[in-house]
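First the structure, in the form of structure tokens, and then the observations on it.
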Amino acid sequence: MLLRYLALRLLLIVPTAWILVTAVFFLMRVIGDPISAAMGGRLPPEQIAERKRAAGLDRPILAQYRDYLVRLLHGDFGRSQDNRAIGTVVVDYGAATLELVFWALLVAFAIGIPLGRYAATHRDSAADVGLRLFAVLVYAAPVFFVGLLLKLVFAVKLGWLPVAGRADTDVELALQHVSPKTNILLIDAILYGDPGYVLNVLEHTVLPAVSLGLLTGGVFLRLVRINLIQTLRTDYVDAARARGLSRRVVTGRHAFRNALIPIVTVMGMYIAMMLGGAVLTETTFEWKGLGYQLAQYLQARDFVAVQGIVAFIALAVAVVSFVVDVIVALIDPRVRF
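Numbers in the numbering used here are just positions in the sequence shown, counted from 1, shifted up by 688.
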């Protein structure tokens, strides 16, 4: 049954990815053709027409769409105005974004799970009310606003942490020569073997990870609280209490694990939200990842590059959703049926 469920979920990736990349293609065409949007007013009409012919943009839109899908099937996400393959851009900058999302998820778990458990086991206390208010505030606050606030307090006023970047300039230059190079600065710093470099990278990671992880941490807090409260009311938990088990054992061993299942279920969705939030966070902290690069292409009105990066992110989200479905199926056998 598990293999059948996983095969079905794997097959669903295809229509999901197709819908996502189709939506990206046609939404980008709402602004017109990419060449005119990028070069309009900067090049004479004859040169724009020549570039459109060279790029195949003078053809019917359905023919362009067919060629777009064929290129994607061959792993070709297009080229930017500076003639860089988007696949290369994704490889060069994607690792930085994955590093940021990884740390943000850790922050979200560190905030949401223990605080949600505490709020559930101290329901309607002052601490519970305070934590619920905190969860609503961090969920409602825009990511860039939280980032700027943290930056102002902890970097500018207190001077405890760096203002921006993934590491100091000399550290980044040194880590360019580490071998094998992963583009994940923490791993590169460890491979370089200098504890000072590792500490420098971690210091630069704190504020971007916290600003991106707070929003998801607030969601996890509320999910854990609600599900743990509901689980503590179930019959099997009452049976565990009737056997004389302590409150700590009943909560930790029998109720808490089931309360975590919804978090894994929604984790794929919130990873997708984090990828979107990474654009704002990376721009706020000059964290040179895929989101930062996407913002640069938007400013340059390089819509072919924007389309390629957004399509890649959409495909990555589809794959992440599949992985999350696998994890949920392994944890909770009920979803396989």
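Just so it is clear, CB atoms sit at the ideal spot from N, CA and C, and this is done for glycine as well.
Distance between beta carbons of residue j and residue i, contact taken as under 8 Å
i	j	result
residue 912	residue 801	6 Å
residue 712	residue 1002	6 Å
residue 1027	residue 1017	Residue 1027 falls outside the range modelled here, since the chain spans only 689 to 1025, and no answer is possible.
Paired residues, beta bridge with residue i - DSSP
i	result
residue 717	Partner(s): none; residue 717 has no beta bridge.
residue 767	773
Residue i and residue j closer than 7 Å at C-beta
i	j	result
residue 993	residue 985	yes
residue 906	residue 827	yes
residue 777	residue 962	no
residue 851	residue 885	no
residue 879	residue 866	yes
residue 704	residue 1006	yes
residue 785	residue 966	yes
residue 835	residue 934	no
residue 795	residue 897	yes
residue 1013	residue 769	no
residue 807	residue 816	yes
Continuous alpha helix (DSSP H) stretch holding residue i: start and end
i	result
residue 891	883-919
residue 755	749-761
residue 824	814-828
residue 860	857-863
residue 996	991-1019
residue 929	923-930
residue 835	831-838
residue 876	873-880
residue 979	978-987
Chain-order list of residues whose beta-carbon lies under 8 Å from that of residue i (same chain, five-residue window excluded)
i	result
residue 971	832, 979, 980 and 983
residue 855	863, 873, 877, 885, 888, 889 and 892
Cutoff 6 Å; reference residue i; Cβ partners in own chain excluding five residues on either side
i	result
residue 803	819 and 909
residue 914	none
residue 904	796 and 958
Cβ neighbours of residue i in the same chain (closer than 7 Å, five flanking residues each side left out)
i	result
residue 743	723
residue 783	870, 871 and 872
residue 894	849
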